[in-house]
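Undergrad:
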Amino acid sequence: MRDRVDASSGLVLRRWKAEDAPAVMTAFADPLMRSQSSEPIDSVRSAERWVAARGDQWAAGSSHSFAVVDGGGLVLGQVCVGPVDRRHGTGWVSYWTASTARGSLMDLVEIVEP
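When you read off a place in the sequence shown, starting at 1, and then add 207, the result is the number in my numbering.
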């Protein structure tokens with residue numbers, strides 16, 4: 208799986224970075240996002256753990272999560288392929304967007320390819 212995809216729109220899908228933790232915390236402060244995590248993401252530390260878990264899943268090959276960022280590096284959301292079934296070469300695609308970007312990123316799911 209590629210670890211970076213540059214979209215023609217100027218948006219970038221890339222692996223999560225530790226410095227994205229504050230943006231993750233802000234995104235999960237939205238009541239609509241709280242149910243998207245198995246544990247509360249209500250501090251920078253919990254957001255750092257969330258980002259680290261995405262890296263662990265990538266390293267294990269079980270899931271590939273991409274931060275969606277604009278040209279200036281602002282985190283707008285996530286596109287994820289996982290869990291990955293290596294035997295069949297398949298995975299579920301999911302995405303979420305920060306409240307400020309809701310409704311504007313649906314076309315990005317189409318550019319994630321194995």
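Beta carbons are placed, not taken as given, at the ideal position from N, Cα and C, and that holds for glycine.
Please return the same chain residues whose Cβ sits closer than 6 Å to the Cβ of residue 261, not counting the five positions on each side in sequence.
TA: Here the question's residue 261 lines up with position 54 in the sequence shown. Same-chain partners within the cutoff: 223, 272.
Undergrad: From residue 197 to residue 219, what distance separates their C-alpha atoms?
TA: This structure gives no information on residue 197, because the portion of the chain shown stretches from 208 to 321.
Undergrad: Taking the straight line between their C-alpha atoms, what separation do you get for residue 214 and residue 237?
TA: Numbered from its first residue, the sequence shown carries residue 214 at position 7. Numbered from its first residue, the sequence shown carries residue 237 at position 30. Cα to Cα, residue 214 sits roughly 26 Å from residue 237.
Undergrad: With DSSP as the reference, label residue 263 as helix, strand or coil.
TA: Along the sequence shown, one-based indexing puts residue 263 at 56. Reduced to three states, the DSSP call for residue 263 is helix.
Undergrad: By the 10 Å Cβ neighbour count, where 16 or more other Cβ atoms means buried, how is residue 227 classified, buried or exposed?
TA: What you label residue 227 is simply residue 20 of the sequence shown in a count that begins at 1. It is buried - the Cβ of residue 227 has at least 16 other Cβ atoms within 10 Å.
Undergrad: Does the Cβ of residue 296 lie closer than 8 Å to at least one heavy atom of the ligand NAD?
TA: Among the components modelled here there is no ligand, and therefore nothing to report on the ligand NAD.
Undergrad: Can the beta-carbon of residue 275 be found less than 9 Å from the beta-carbon of residue 285?
TA: Here residue 275 is taken as the residue at index 68 of the sequence shown, counted from 1. Here residue 285 is taken as the residue at index 78 of the sequence shown, counted from 1. Yes, the pair counts as a contact, with Cβ atoms nearer than the cut-off.
Undergrad: Are the Cβ atoms of residue 283 and residue 304 separated by less than 9 Å?
TA: The residue given as residue 283 occupies position 76 in the sequence shown. The residue given as residue 304 occupies position 97 in the sequence shown. Yes, they are a contact pair.
Undergrad: Excluding the five sequence neighbours on either side, which residues of its own chain have a C-beta within less than 6 Å of the C-beta of residue 264, listed in chain order?
TA: Mapped onto the sequence shown, residue 264 falls at position 57. Cβ neighbours of residue 264 beyond the five flanking positions: 270.
Undergrad: For residue 336 and residue 232, which I take to be in contact (beta-carbon distance under 8 Å), what is that distance rounded to the nearest angstrom?
TA: Summary: the structure shown does not reach residue 336, with the chain confined to residues 208 through 321, and so no result is reported for it.
Undergrad: Measure the Cβ-Cβ separation of residue 306 and residue 234 and say whether it is below 9 Å.
TA: Your numbering for residue 306 matches position 99 in the sequence shown. Your numbering for residue 234 matches position 27 in the sequence shown. In contact: residue 306 and residue 234 (Cβ atoms closer than 9 Å).
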